[in-house]
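Numbering (my numbering), first residue to last: 177 to 467.
Even for Gly, the Cβ is constructed at its ideal location relative to N, Cα and C.
Please read all numbers here as calculations on a predicted model, not as lab measurements.
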Ligand SMILES: Nc1ncnc2c1ncn2[C@@H]1O[C@H](COP(=O)(O)OP(=O)(O)O)[C@@H](O)[C@H]1O
Ligand SMILES: [Mg+2]
């Protein structure tokens, strides 16, 4: 009889997907700062730049990468989780980065299968994988948010952002992913006709996060490529980032219990997949929005 193995298999890291229905809302700023805030808790953190056409995480962190996800994909069949480390750029905070390809046309190389494998390899090496997504919900975003433990949806108080965020939340509901979502109201104290405190009830959500508006600190950080939680650790934005990071680690959204009704859990996962397939095929056929 085989001896029981003493080798402990570490549990895979958690995936945090940062999304927004509009561009320019603050996804990259949040990705970078939440990743560095998590790294300051002595956790092993990777960022996947999931804005595969126009990713700018490397720029926002002032790193000059030697490799991108395109190089990983070219070797994907030969790689294990040790090998992938070689392709990651490292930031002085300890955060590792898998950058987006250097040209938008390479984005289509990131297939569903590649993405699943890359995320799994990154999870094997890190406590958290923070993913900066492209705008809205594209097929690659669906692969990522499906694998994510938590989905952070960012909005601000502009009417167009709120309208599109509502549609995004409705879509996430249709995809059966709504229970993983936390809303971040970025620039919550910006001048606006809509009050930030009304947004949660408008969307019927709870446990939302609020991040203040601080143009000077935010633009300086993006332009210099230094995360706010490093350069302005005592600023109002940094405090909000530390608070979100703590909440992610101390109060993670728990997956629904598996054992009580294993069959129905598997059943609902299958149903979720079928729903997603249906949604995308409908979208392709009609050129519509899947309603
Ligand atoms: N809380 C904030 N206060 C002030 N400016 C912000 C804030 N969050 C983001 N910004 C600014 O908004 C712009 C877009 O942010 P970015 O993270 O690049 O957005 P995205 O990745 O969603 O396109 C940047 O110039 C950034 O400095
Ligand atoms: Mg961005």
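- In the DSSP annotation of this structure, the continuous segment of the alpha helix (DSSP H) that includes residue 347 starts and ends at 335 to 350.
- Under the DSSP assignment, residue 377 falls in the alpha helix (DSSP H) whose first and last residues are 372 to 378.
- A distance below 7 Å between beta-carbons, with the five flanking residues on each side excluded, links residue 235 to the following residues of its chain, in chain order: 401.
- Close CB contacts of residue 241 within its chain, under the 8 Å cut and outside five residues either way in sequence, are with 234, 265, 273, 275 (chain order).
- The alpha-carbon separation between residue 288 and residue 295 amounts to approximately 11 Å.
- Distance from the CA of residue 253 to the CA of residue 262, rounded to the nearest whole angstrom, comes to 15 Å.
- Here residue 395 carries a helix assignment [DSSP, helix/strand/coil].
- In the three-state DSSP reduction, residue 309 falls in the strand class (E or B).
- Remark: the shortest separation between the CB of residue 244 and any heavy atom of ligand 2 does not fall under 7 Å.
- Segment contact: the region 354 to 372 against the region 324 to 339, three or more CB-CB distances shorter than 8 Å; contact assigned.
- The region 210 to 217 makes contact with the region 407 to 425; the number of CB pairs closer than 8 Å reaches 3 or more.
- Three or more beta-carbon pairs separated by less than 8 Å link the region 187 to 195 to the region 290 to 308, which places the two stretches in contact.
- Take the alpha-carbon of residue 284 and the one of residue 362: they are about 30 Å apart.
- Taken from the Cβ of residue 204, at least one heavy atom of ligand 1 lies inside 7 Å.
- Distance check between residue 221 and each of 204, 271, 195, 202 places 271 closest, using alpha-carbon atoms only.
- DSSP assignment within the region 248 to 283 yields the following whole beta strand (DSSP E) runs of 3 residues or more, N-terminal first: 272 to 274.
- With 16 or more other Cβ atoms from the protein chains shown falling within 10 Å of its own Cβ, residue 204 counts as buried.
- Bridge partners of residue 294 according to DSSP: none are assigned.
- Rounded to whole angstroms, the Cβ separation of residue 311 and residue 198 is 7 Å, and the two are in contact under 8 Å.
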